[in-house]
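What follows is one structure encoded as structure tokens, with my remarks underneath.
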Amino acid sequence: MSFSAIFVQLLNGLASASSLFLVAAGLSLIFGVTRIVNFAHGSLYMLGTYTAYSLVQWFGGGIPGFWSGVLLSGVIVGLFGALVERLLLRRLYHAPELLQLLATFALVLIISDFTLWAWGPEDLLGPRAPGLAGAISIAGRRFPEYDLFLILLGPLVLGLLWLLLTRTRWGTLVRAATEDREMAGALGVNQAWLFTSVFALGSFLAGLGGAIQIPREPAVLTMDLSILSDVFVVVVVGGMGSIPGAFLAAVIIGVLKAMCIGIGNVHAFGIDFSFSKLTLVVEFIVMAVVLVIRPWGLFGRSQGAPRAASTEPPLNLPSPALQKLLLAGLIMLALLPLASDRYTLVLMTDILVFALFAVSLHFIMGPAGMHSFGHAAYFGLGAYAAALLFKHVLPMELALALAPFAAGLGALLFGWFCVRLSGVYLAMLTLAFAQIAWSVVYQWDSFTGGSNGMVGVWPAQWLASKTTFYYLALVLCAGGTMVLWRILYSPFGYGLRAGRDSPLRADAIGIDVRRQQWLGFALAGTFAGLAGAVYAFSKGSISPDALSIPRSVDGLVMVLMGGIQTLTGAVAGAAVFTWLQDSISRQTEFWRALLGGIILFLVLVFPQGIAGFIRERWEARSGRSEA
Amino acid sequence: MTVLRVSDLCKSYGGVQAVCNVSFSLDAGEILALIGPNGAGKTTCFNLLNGQIAADSGSAEFEGRSLIGMQPREIWRLGVGRTFQITATFGSMSVRENVQTALLNFHGKLTSIVTLAGRLYVDEAMALLERVGIAAQAERPCGVLAYGDLKRVELAIALANHPHLLLMDEPTAGMAPTERVALMQLTAELARASSIAVLFTEHDMDVVFAHADRILVLNHGTLIAEGKPAEVRANRQVQEVYLGSGSVYGAAHGAEHA
Amino acid sequence: MNALARSTTVKILQRSEIVYILALTDRARDGGHQPPGTRSESSVDDVNLREKDMTLRRTFLLGTAALAMSAVFSGPAAAQSTIKIGEINSYKTFPAFLEPYKKGWELALEEINKSGGLLGKKVEVISRDDSGKPGDAVRVAEELVSRENVSLLMGAFASHVGLAISDFAKQRKTLYIAAEPLTDQIVWNKGNHYTFRLRPSTYMQVAMLVPDAAKLNKKRWAIVYPNYEYGQSATAGFKKLLSAKQPGVEFVSEQAPALGKIEAGAVVQALIDAKPDAIFSSLFGADLQKFVREGTQRGLFKGRPTFNLLAGEPEYLDTLKDETPAGWYVTGYPWEQINTPEHKKFLAAYQAKWKDYPRLGSIVGYSTLMSAAEAIKKAGSTDTEKMIAAMKGMQMDSPLGKFSYRALDHQSTMGAYVGRLALKDGKGVMVDWKYSNGADFLPSDADVKAMRPAE
């Protein structure tokens, strides 16, 4: 690359960074103050783009029409965000941790279907920005004027936010709440109003970030999720809650991507390497590196202990009644093939697989207190290990038996880094590793089959019938679930919970919390791998989506829906979520919105999760009968 | 027999000497109080000994082994038990299980995934709870316990590794006066019965002068006095330091120890 | 109400009935077991609270029971009075392409049933969304085959989903007609006895563009493609075919942005900096639109002939409106200009039914279902082996003209329109187009045989 080429690529990177920063700043503000991991932030961004498209069309071309349309879109999305906060999230601040995440996930589904309904399926390419539609010459190259405008907009918004946060009373309150929520509460801050206004501002920034995209890219229905992971990366790399951090991170990632593209293909030491292909995963590599070196991002600070630390309910051995119930459940599952058709067995096999997957995720999220956004990595590693072993060397039975250990090894490797972090940072590092693993699988055509995946991964002849395979899945998945549950009651499990309940105390009684967590992580990864291996053979094929973000999110949703504070919650969540997806996608075209609505309903009515709700009722009843 | 020997311990934060050239020693069965006004360096000194922060210079030897640079959990392995100013227990476990967890680790069982933890070392755990007087609450979850009882749970946990040294950070903070006396009496009995050396920091001078065998007084990071309660009480410098809050100790203690 | 909707309603009714019956029995049982005197002992509030609790819990338990019951009992219908065809697609993942696709097969379904159905029976298409996941696709495929007793499967958009269904079809010995997946693998190195594919594959569409590319005799080529199997195959195919026709051609830059996430400014800049004489792209969708906008603004396309697979398809072209890059060489579907009688007939019927113009997806949906119908008609049966035998070499009439399914590799010879883009009345159109027959752009039979696994 010539110097002028490097310079222009730098400008390209900065232009991309600006739009990323706007959206990320909103997310960072919201997280800093409310501690909500807002999955719907990408959806707000998408709404911004679509709204701007319509408004600009409606207002007609010309400079005033365009810019008022863009600004108004931001305002509309901001108001929508405030509404969401007041009507929905407000009810969930006292719910178990991460439940707001489930609510915002439901919003993603609903907003996505709403956008499809309101604007239709086709991509909508908005007009170029009037007054900035041309290009000027920089370093002998034509450079779009609008990109120059974006380059200036980023620092401008950063400056305005800085003034707002440092020079106004509101900003002081926001900063106080970001640093220490309890203290801000004690200072007499009207939290309700503060939260609403922060959510509104964050949503406004997301909406504006979406709106200013219309001269650059079309409004498409997938933009919500495609930007979501990017902005999370920016926020986490910068340090959650830090606006300058978000800016720096956006610049680093934007410029790095542009440089990778600029460098293109490199031929050195007899190897061809495409930096252009690296853009698939470069932001996640940046995030992994930053988090390993700086556990709270570039400008972030250690978050205090999560507020749920002292509220974990006791974990008692299942009562005899519950044991009987579980046994009865198992017997029913074992008898199911007598009374059901083939498809029920297939669906049940799926449910069993996802139940084990969710239980293994709950194992580290609940009792071990490590939130993971990348648990699909181990599910996928197990699935791919099974497929690869089966395709290349081993009979199916052995491949199935060994695959979980491959996943376990992966978890051992990634986990070593992850357990050094905590809270959202830990979760995001798991996500980074999952994405890196995903990109390798996605790219390595000759070994993993690349994006098309691998086919012909069918069980051995004697296991081929759906009934036999169902029993195999039942034995392995129910067995795996039992083993994981049992481990929680073992000394190892006590050590894990000790590390979650009070790291200080655990340390003081000689427990190596990190090692305990590390082994726990690997154990959970192994069982996720078992689920993945069973999955691969149940489907006959495997593709990279087995370790993609949506798979990880599915796991999270299952655990949270079922109730993170109950052991059986993950199973209930997996069953209900899988069943819902299967059945309602048949009933209506807008099944995603319906699914989102059902999840919202569950979140509001059973904030403690389905299993948590049942347990509460159970305890209330037995408590009454004792009295 | 000397259990703990500290010499010339120093720690500074950004040019401010938090702890400066502190030296003292502690014998088995002895109860030593570390006092001083707020900001005198008590907590820093304490955290230097339990491994939470690293010293700039100086040494701290426990039974002949240097504690400097060790992790808290390594220090625990040597036979040091701790309690915290704000109790730290495992909220999702019962009182008995809290103690069992400590015992499990003491017996090196924490990587076992086979047995049911709740059935291991039950007698030992109950014996410890018996010693601190809360065996009756063994099955209650820690989350619902009264604060005084939690302090006792912590003591039982701290005793699980048969420590030769107990480090207690403000052991009676947040407790009712009668409870304070009871807890410290219990501690003293345990220390004497098992020859455990106890080092504690404390704000409540009643507690200090009633139970400490010896007292160290810190001010601005340096040791300004050391000796038996009576000697310390008579120390001019100490009186000056405590003049502002002297009422606590002057009047009340004069009467009590007369 | 069409047949599909009707069958769904029946199911819902069955389910709600089960819930209702369960509710009744539960209420009766509960009443019977109510211990006498309970009420008088508790306060009124207590009773209310308790009742509320009970109701809630009961509702929940009932729900669960109903789920279990419906899962167990909603087995296949007893007698098959219709021929059922299972259709699987990622409707929610790729709505822009698949809504017209659905309209296409719905039109075909209507026509088939109007003309008396097949083998004297009405035809019913049971359609399922796979949420874009191969695992889900395989599950719903199993549902369609075992619970709905469909005679054959059709559909799929993304290649990995298509391959998963294809392998499932092989395992379950079920006929599968892949509609949209472009991957060469589905009929070649991962091809199987049970899978046929309608659309011209990546290789074929690339091959259709190569003659024009070779004619230009440009030396330095830059390539941009979405970084997954389709883009990789298109690029590999283009390089191989062009090199064969034009020895000494150079490929000076390759950009592989992630699907849907192109950094268009940087990519365009990098391509300009490589100073190519011509450009080959396989971008589509939002990536294509961003690429066009940035490329036009930065002058990438000036003096550089550009080839882009699929860019002439209305799904992608119409979004570009007045920014359509004139002069591009593309494959596509100039629906408003095709004057063959078979297309005119289709166009009229489609516009009458949907009050909308067809996209290429409409053709794909329509022709896939028509292929299935033809296979059943020709086989005279819904027996899988008979249908497969019928489909081998089967001749089809379609809106795009006649084509056949090759016995050799089960690939259809349906072609594509190759032409150039132009601007007309503020929107993009194809000009100088011709229909390239798929049969002319396939590798030799020996090559295909070598690639396809032995059956």
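Protein chains in written order, with my numbering: chain Z, 1 to 627; chain D, 1001 to 1258; chain C, 2001 to 2455. Built from N, CA and C at the ideal position, the CB exists for glycine as well. Keep in mind it's a predicted model, so treat the numbers as computed, not measured.
Verify whether the separation of the beta carbon atoms of Phe195 (chain Z) and Gly78 (chain Z) is less than 8 Å.
As a working mapping, residue 195 (chain Z) is identified with position 195 in the first sequence. As a working mapping, residue 78 (chain Z) is identified with position 78 in the first sequence. No, Cβ-Cβ distance for Phe195 (chain Z) and Gly78 (chain Z) is not below 8 Å.
Within 10 Å of its beta-carbon, does Met454 (chain Z) have 16 or more other beta-carbons around it, so buried, or fewer, so exposed?
Within the first sequence, the letter at position 454 stands for residue 454 (chain Z). Buried is the call here.
Would you report the Cα separation of Ser2042 (chain C) and Glu1130 (chain D), rounded to the nearest angstrom?
Sequence index remark: in the third sequence, residue 2042 (chain C) carries index 42 (1-based). Sequence index remark: in the second sequence, residue 1130 (chain D) carries index 130 (1-based). For Ser2042 (chain C), the pLDDT reaches just 39, beneath the cut-off of 50, and the residue's location in the model is therefore unreliable, although a value from the coordinates is still provided. Between Ser2042 (chain C) and Glu1130 (chain D), the C-alpha separation is close to 41 Å.
Apart from the five residues on each side of it in sequence, which residues of its chain come closer than 8 Å, Cβ to Cβ, to Thr481 (chain Z)?
Residue 481 (chain Z) sits at position 481 when you count from the first residue of the first sequence. The answer, listed in chain order, is Ala355, Leu356, Val359 and Val571.
Under 8 Å from the C-beta of Leu125 (chain Z): neighbouring residues of chain C
As a first step, residue 125 (chain Z) must be located in the first sequence, where it is residue number 125. Per Cβ cutoff of 8 Å: Gln2289, Arg2293, Thr2319, Leu2320, Lys2321 and Glu2323.
Nearest to Phe114 (chain Z) by CA position, among Z:Ala52, Z:Ser43 and Z:Leu158, is which residue?
Residue 114 (chain Z) sits at position 114 when you count from the first residue of the first sequence. It is Z:Ser43 whose Cα lies nearest to the Cα of Phe114 (chain Z).
Just the C-alpha distance for Tyr494 (chain Z) and Gly2361 (chain C), rounded to the nearest angstrom, thanks.
As a working mapping, residue 494 (chain Z) is identified with position 494 in the first sequence. As a working mapping, residue 2361 (chain C) is identified with position 361 in the third sequence. Cα to Cα, the separation comes out at about 58 Å.
Using 8 Å as the limit for Cβ to Cβ distance, is Phe527 (chain Z) near chain A?
Judged by its chain identifiers, the structure shown contains no chain A, and its protein chains are Z, D and C.
Short CB-CB distance (under 8 Å) between Asp180 (chain Z) and chain D
Taking the first residue of the first sequence as 1, we reach residue 180 (chain Z) at position 180. Judged by the 8 Å Cβ criterion, Asp180 (chain Z) is not in contact with chain D.
Check this for me: beta carbons of Leu98 (chain Z) and Ile564 (chain Z), under 8 Å apart or not?
Translated into positions along the first sequence, residue 98 (chain Z) becomes position 98. Translated into positions along the first sequence, residue 564 (chain Z) becomes position 564. Yes. Within cutoff.
Start-end ranges of the beta strand (DSSP E) lying completely within the region 45-77 of chain Z, minimum 3 residues:
Runs of the beta strand (DSSP E) inside the region 45-77 of chain Z: none found.
How about His2410 (chain C): is its C-beta nearer than 8 Å to some C-beta of chain Z?
In the third sequence, counting from the first residue as 1, residue 2410 (chain C) sits at position 410. No, no contact with chain Z.
Identify, in the order they occur along the chain, each residue of the same chain with its Cβ nearer than 6 Å to the Cβ of Gln1239 (chain D), setting aside the five sequence neighbours on each side.
Along the second sequence, read from residue 1 onward, the residue named residue 1239 (chain D) stands at position 239. Here the set comprises nothing.
Taking Gln2395 (chain C) as part of the beta strand (DSSP E), name the residues at either end of that continuous run.
By 1-based counting over the third sequence, the position of residue 2395 (chain C) is 395. Counting along the chain, the unbroken beta strand (DSSP E) around Gln2395 (chain C) starts and ends at Gln2395 to Ser2398.
In the DSSP assignment, what are the bridge partners of Pro144 (chain Z)?
Along the first sequence, read from residue 1 onward, the residue named residue 144 (chain Z) stands at position 144. BP columns for Pro144 (chain Z) point to Z:Ala135.
Considering only the alpha carbon of each residue, which of Z:Gly202, Z:Ile151 and Z:Ile243 lies closest to Thr166 (chain Z)?
Within the first sequence, numbered from 1, the residue matching residue 166 (chain Z) stands at position 166. Among Z:Gly202, Z:Ile151 and Z:Ile243, the Cα nearest to that of Thr166 (chain Z) is on Z:Ile243.
Mind checking Val371 (chain Z): buried by the 16 CB within 10 Å criterion, or exposed?
By one-based count along the first sequence, residue 371 (chain Z) stands at place 371. Sequence inspection shows His at residue 371 (chain Z); the Val mentioned does not correspond to that position. Looking at its Cβ environment, which holds 16 or more other Cβ atoms inside 10 Å, His371 (chain Z) is buried.
Counting along the chain, where does the alpha helix (DSSP H) carrying Ile253 (chain Z) start and finish?
Working through the first sequence from its first residue, we reach residue 253 (chain Z) at position 253. It spans Ile243 to Ile263 - the alpha helix (DSSP H) in which Ile253 (chain Z) sits, taken as one unbroken run.
Is the beta carbon of Met561 (chain Z) closer than 8 Å to that of Leu102 (chain Z)?
Your numbering for residue 102 (chain Z) matches position 102 in the first sequence. Your numbering for residue 561 (chain Z) matches position 561 in the first sequence. Yes; because the gap between Cβ atoms is below 8 Å, this pair is in contact.
Asp2447 (chain C) at chain Z interface by Cβ criterion, 8 Å
Residue numbering aside, residue 2447 (chain C) sits at position 447 when the third sequence is read from its first letter. No, Asp2447 (chain C) does not count as interfacial toward chain Z.
To which residues does DSSP link Pro1141 (chain D) through a beta bridge?
As a working note, residue 1141 (chain D) is residue 141 in the second sequence. According to DSSP, Pro1141 (chain D) bridges with D:Ser1094.
Between which two residues does the beta strand (DSSP E) holding Met2391 (chain C) run?
Numbered from 1 along the third sequence, position 391 holds the residue referred to as residue 2391 (chain C). Boundaries around Met2391 (chain C) are those of the alpha helix (DSSP H), Thr2384 to Met2391, since no beta strand (DSSP E) includes it.
Listed in chain order, which residues of the region 242-274 of chain Z have Cβ atoms closer than 9 Å to some Cβ of chain C?
Gly254, Lys257, Ala258, Met259, Cys260, Ile261, Gly262, Ile263, Gly264, Asn265 and Ser274
Here's a check: name, in chain order, each residue in its chain whose Cβ is nearer than 7 Å to the Cβ of Leu1049 (chain D), leaving out the five neighbours to either side.
The count along the second sequence starts at 1 and reaches residue 1049 (chain D) at position 49. Only Ala1060, Leu1067 and Leu1167 meet the Cβ criterion.
Cβ separation of Val1080 (chain D) and Phe1062 (chain D), assumed to be a contact under 8 Å, to the nearest whole Å
The residue labelled residue 1080 (chain D) in the question sits at position 80 within the second sequence. The residue labelled residue 1062 (chain D) in the question sits at position 62 within the second sequence. Right, the Cβ-Cβ distance comes to about 6 Å (below 8 Å), so this counts as a contact.
For the region 1160-1175 of chain D, which residues have a beta carbon sitting closer than 8 Å to at least one beta carbon of chain Z?
Listed by position, the residues of the region 1160-1175 of chain D near chain Z (Cβ gap below 8 Å) are Ala1160 and Asn1161.
Do you know whose CA, among Z:Gln9, Z:Val251 and Z:Val282, lies nearest Leu22 (chain Z)'s CA?
Here residue 22 (chain Z) refers to the residue found at position 22 of the first sequence. Leu22 (chain Z) has its Cα closest to that of Z:Val251, out of Z:Gln9, Z:Val251 and Z:Val282.
Is the separation between the beta-carbon of Pro607 (chain Z) and that of Pro64 (chain Z) shorter than 8 Å?
In the first sequence, counting from the first residue as 1, residue 607 (chain Z) sits at position 607. In the first sequence, counting from the first residue as 1, residue 64 (chain Z) sits at position 64. No, these two residues do not count as a Cβ contact at 8 Å.
Quick one: what does DSSP say Val483 (chain Z) is sitting in, helix, strand or coil?
In the first sequence, the residue the question calls residue 483 (chain Z) occupies position 483. Note: Val483 (chain Z) maps to helix in three-state DSSP.
For Tyr2458 (chain C), does the count of other Cβ atoms within 10 angstroms reach 16, so buried, or fall short, so exposed?
Beyond the ends of chain C as shown, which are 2001 and 2455, falls residue 2458 (chain C); an answer cannot be given.
Compare the C-alpha of Gln443 (chain Z) against each of Z:Leu164, Z:Pro144 and Z:Ser274 and name the closest.
The residue labelled residue 443 (chain Z) in the question sits at position 443 within the first sequence. When only C-alpha atoms are compared, the closest one is Z:Ser274.
Could you round the C-beta distance between Glu145 (chain Z) and Gly134 (chain Z) to whole angstroms and report it? I think they count as a contact, below 8 Å.
Numbered from 1 along the first sequence, position 145 holds the residue referred to as residue 145 (chain Z). Numbered from 1 along the first sequence, position 134 holds the residue referred to as residue 134 (chain Z). Glu145 (chain Z) to Gly134 (chain Z), Cβ: 5 Å. Contact.
Members of the region 585-599 of chain Z near chain C, C-beta cut-off 8 Å:
Ser585, Arg586, Gln587, Glu589, Trp591 and Arg592
List, from N- to C-terminal side, the alpha helix (DSSP H) runs of 4 residues or more that fit wholly inside the region 1084-1137 of chain D.
The qualifying runs are 1095-1106 and 1122-1132.
Between the CA atoms of Ala536 (chain Z) and Phe143 (chain Z) - distance to the nearest angstrom
Position 143 of the first sequence, counted from the first residue, corresponds to residue 143 (chain Z). Position 536 of the first sequence, counted from the first residue, corresponds to residue 536 (chain Z). Each residue's Cα considered, the two are about 49 Å apart.
With Leu1300 (chain D) as the anchor, note down where its beta strand (DSSP E) starts and where it stops.
There is simply no residue 1300 (chain D) to check, as chain D begins at 1001 and stops at 1258 in what is shown.
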